[in-house]
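>
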Amino acid sequence: MQTLAIALGAFVFYLIAYHTYGRFLARKIFKLDPKARVPSREMEDGNDYVPTRKSIIFGHHFTSIAGTGPIVGPALAVIWGWVPALLWVLFGSILIGAVHDFGALVVSIRNRGQTVGDIAGRVLSQRTRLLFLSVLFLALTIVLAIFGLVIAAVLKQYPSAILPCLVQIPIAVAIGVYLHRHGVNLVVPSLVTLGIMYLTVAFGNIGFLATINGALASMPIIAWVCILLVYSYIASVLPVWALLQPRDFINSLQLISTLVLIVVGLIVAALIGGAPPTPGAERQALEIVAPAFRSAPDGAPSLFPFLFITIACGAISGFHCLVSSGTSSKQLKSESDALFVGYGSMITEGFLAVLVILACVAGLGLGAQADGGTLFGSAAYDARYGSWSAAGSLAAKIGAFVEGSANFLVVLGLKAPFAVALMGVFVASFAATTLDTACRLQRYVVQELASTFTSSKKHPSSPLLLRPLTVLSNKHGATIFAILIAGALAALPPPEVTWTLQSAGKGGL
Numbered sequence: 367m368q369t370l371a372i373a374l375g376a377f378v379f380y381l382i383a384y385h386t387y388g389r390f391l392a393r394k395i396f397k398l399d400p401k402a403r404v405p406s407r408e409m410e411d412g413n414d415y416v417p418t419r420k421s422i423i424f425g426h427h428f429t430s431i432a433g434t435g436p437i438v439g440p441a442l443a444v445i446w447g448w449v450p451a452l453l454w455v456l457f458g459s460i461l462i463g464a465v466h467d468f469g470a471l472v473v474s475i476r477n478r479g480q481t482v483g484d485i486a487g488r489v490l491s492q493r494t495r496l497l498f499l500s501v502l503f504l505a506l507t508i509v510l511a512i513f514g515l516v517i518a519a520v521l522k523q524y525p526s527a528i529l530p531c532l533v534q535i536p537i538a539v540a541i542g543v544y545l546h547r548h549g550v551n552l553v554v555p556s557l558v559t560l561g562i563m564y565l566t567v568a569f570g571n572i573g574f575l576a577t578i579n580g581a582l583a584s585m586p587i588i589a590w591v592c593i594l595l596v597y598s599y600i601a602s603v604l605p606v607w608a609l610l611q612p613r614d615f616i617n618s619l620q621l622i623s624t625l626v627l628i629v630v631g632l633i634v635a636a637l638i639g640g641a642p643p644t645p646g647a648e649r650q651a652l653e654i655v656a657p658a659f660r661s662a663p664d665g666a667p668s669l670f671p672f673l674f675i676t677i678a679c680g681a682i683s684g685f686h687c688l689v690s691s692g693t694s695s696k697q698l699k700s701e702s703d704a705l706f707v708g709y710g711s712m713i714t715e716g717f718l719a720v721l722v723i724l725a726c727v728a729g730l731g732l733g734a735q736a737d738g739g740t741l742f743g744s745a746a747y748d749a750r751y752g753s754w755s756a757a758g759s760l761a762a763k764i765g766a767f768v769e770g771s772a773n774f775l776v777v778l779g780l781k782a783p784f785a786v787a788l789m790g791v792f793v794a795s796f797a798a799t800t801l802d803t804a805c806r807l808q809r810y811v812v813q814e815l816a817s818t819f820t821s822s823k824k825h826p827s828s829p830l831l832l833r834p835l836t837v838l839s840n841k842h843g844a845t846i847f848a849i850l851i852a853g854a855l856a857a858l859p860p861p862e863v864t865w866t867l868q869s870a871g872k873g874g875l
């Protein structure tokens, strides 16, 4: 029951924080005005500046800031014990992370939707603007490269997630075009889309589809990264209503519904225990199998300050201000929506991080595959977190969450392969929404950097190839440059390993 008490307590804690501290910030600190003019209406262009209802913006913002950060970080941080990770997530997200995200969103709204780099340059100096944009460029390059590698690794590790992730794209385009042209109520399209998405998870790895998934999963990591970066280019240059908004919205529906299933499964497991490992076997009780504190795990760095570095998303992340000021501020149709989108998305991410912690320290104890067998209780935790090297790989971190949360779903009667596939789609979808948003943000940064060095004087007679910065001022040139740099970084092999098609892309894993 301790696991259930933590989950429900965290939910209530976040709910109270939103309606007290969040509303205090909205009324007394930021003084949100629903009648104030917003960039999406003042500068509406049908491409980047598009007035949008807050439910859709919440879906875009939440899925963009979450990514795999609140999954991978907490899944590794519990190696120091579950209490430090839980406390940092709870108080960090409410007092620091949500305030940061909310504040960045409001500042951008009140500055014509400008990014934090542009605002810094205008308020401080142009030199500061250039420095800020340069740092953002480097940070976003890393984000694009790493998230491309993460998605590729997840799809190779869980082939059953490939088809459901691919099907999301045409569905999103169809929904986006239909809503843009007809503006119908979202309820029916949402339910239909959600049904299709779950059907692809249930039947997307059967028969010849399993063969296709297996063939795609056998592709080299770097091949997947290239495909994903090309997709992010397309998502970046299309109008936000065509792919970015609808994909993030339907992803948020699937992700939030999956979170609900995890919570319900956790509640049932706390009351009756986990699913029997074999028919007629005794149910495994749901209990926390990790130590509360662990001061010196084998090979791990010290808890301070590495806990606060390991758990960034889920508590506080500077990347979130780029989403707030880069895309979300250009789409809010009312200043008053900033509380729900900015503060609400971050505490939702915090709750996700809490569930990740519980999946790794309690759900994993219901059964984890190791050495051809199944381990239970503290033995399952020790197998994954016995040392820093055992817990540190990407596959180990994602695997701990996927197996732990899938155990919650199996309690509800879902088949284990379906539960694992669903959680694989969950992780890959989160990462994909961050990837396409980060690519659009990088395009803004490259264009802003190029405009800094481009002369205001036009020279129409100069050949385009002799004016490379002018090329980078164009959205297509800026985006192509962004994905090429990210692709080159992602293609690095491990240290002291010769570059080959098979080793390319494994340096970041």
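Residues 367 to 875 (our numbering) are what the sequence shown spells out, left to right.
Just so it is clear, CB atoms sit at the ideal spot from N, CA and C, and this is done for glycine as well.
Are three or more beta carbon pairs between the region 681 to 694 and the region 395 to 402 nearer than 8 Å?
no
> Beta-carbon separation of N773 and G640 under 7 Å?
Cβ atoms of N773 and G640: closer than 7 Å.
> So what does DSSP say about T693, is it helix, strand or coil?
coil
> Take F498 as the anchor and find which of T507, V509, G843, I485 has the nearest alpha-carbon.
I485
> From V509, T418, A373, pick the residue whose C-alpha is nearest to that of V455; which is it?
For the residues V509, T418, A373, the minimum Cα distance to V455 belongs to A373.
> Verify whether the separation of the beta carbon atoms of G435 and A678 is less than 7 Å.
yes
> Report back the beta-carbon spacing between I437 and F767 to the nearest angstrom; my notes put them in contact at under 8 Å.
5 Å
> Mind checking whether the beta-carbon of T559 lies closer than 6 Å to any heavy atom of the ligand FAD?
Of the ligands one can find in the structure shown there are none, so the ligand FAD has no counterpart to examine.
> Roughly how many angstroms separate the alpha carbons of L510 and I638, rounded to a whole number?
Straight-line Cα distance between these residues: approximately 43 Å.
> Could you check the C-alpha separation between L669 and P657 for me, to the nearest Å?
14 Å
> So Q735 is in the beta strand (DSSP E); what residue range does that whole segment cover?
734 to 736
> Using three-state DSSP, classify G739 as helix, strand or coil.
Three-state DSSP puts G739 in a strand.
> Going by C-alpha to C-alpha distance, which of S421, L858, S584 sits closest to P612?
S421
> With H, G and I counted as helix, E and B as strand and the rest as coil, what does DSSP make of L832?
With a pLDDT of 46 at L832, under the threshold of 50, the predicted position of this residue should be treated as unreliable, and no value is reported.
> Which residues share a DSSP beta bridge with L838?
Here L838 is not bridged, per DSSP, to any residue.
> When DSSP builds the beta bridges, which residues end up paired with S753?
D664, per the DSSP bridge assignment.
> According to DSSP, is L780 part of a helix, a strand, or is it coil?
coil
> Count the other CB atoms, across all protein chains shown, that sit within 10 Å of the CB of S822; report buried if there are 16 or more and exposed otherwise.
The predicted position of S822 is uncertain, since its pLDDT is 49 and thus under 50; a value taken from the coordinates is nonetheless stated next. With fewer than 16 Cβ atoms within 10 Å of its Cβ, S822 is classed as exposed.
> Can you round the beta-carbon distance between H466 and S694 to whole angstroms, since I take them to be within the 8 Å contact cut?
Wrong, their Cβ atoms sit about 14 Å apart, outside the cutoff.
> CA-CA distance, L855 and C805?
Rounded to the nearest angstrom, the two C-alpha atoms are 15 Å apart.
> Could you tell me the boundaries of the alpha helix (DSSP H) in which N413 lies?
Annotation: N413 is outside any alpha helix (DSSP H) and is labelled neither H nor E by DSSP.
> So does the region 530 to 539 actually touch the region 563 to 580, counting three or more Cβ pairs closer than 8 Å?
yes
> Considering S474, what are the terminal residues of the alpha helix (DSSP H) in which it resides?
Where S474 is concerned, the enclosing alpha helix (DSSP H) stretches over 464 to 475.
> Which one of S430, R809, K394 has the shortest CA to CA distance from S500?
R809
> Quick one: what's L609 bridged to in DSSP?
Per DSSP, none; premise fails for L609.
> With a 10 Å radius around its C-beta and 16 neighbouring C-beta atoms as the bar for buried, classify Q480 as buried or exposed.
buried
> When DSSP builds the beta bridges, which residues end up paired with L698?
T418
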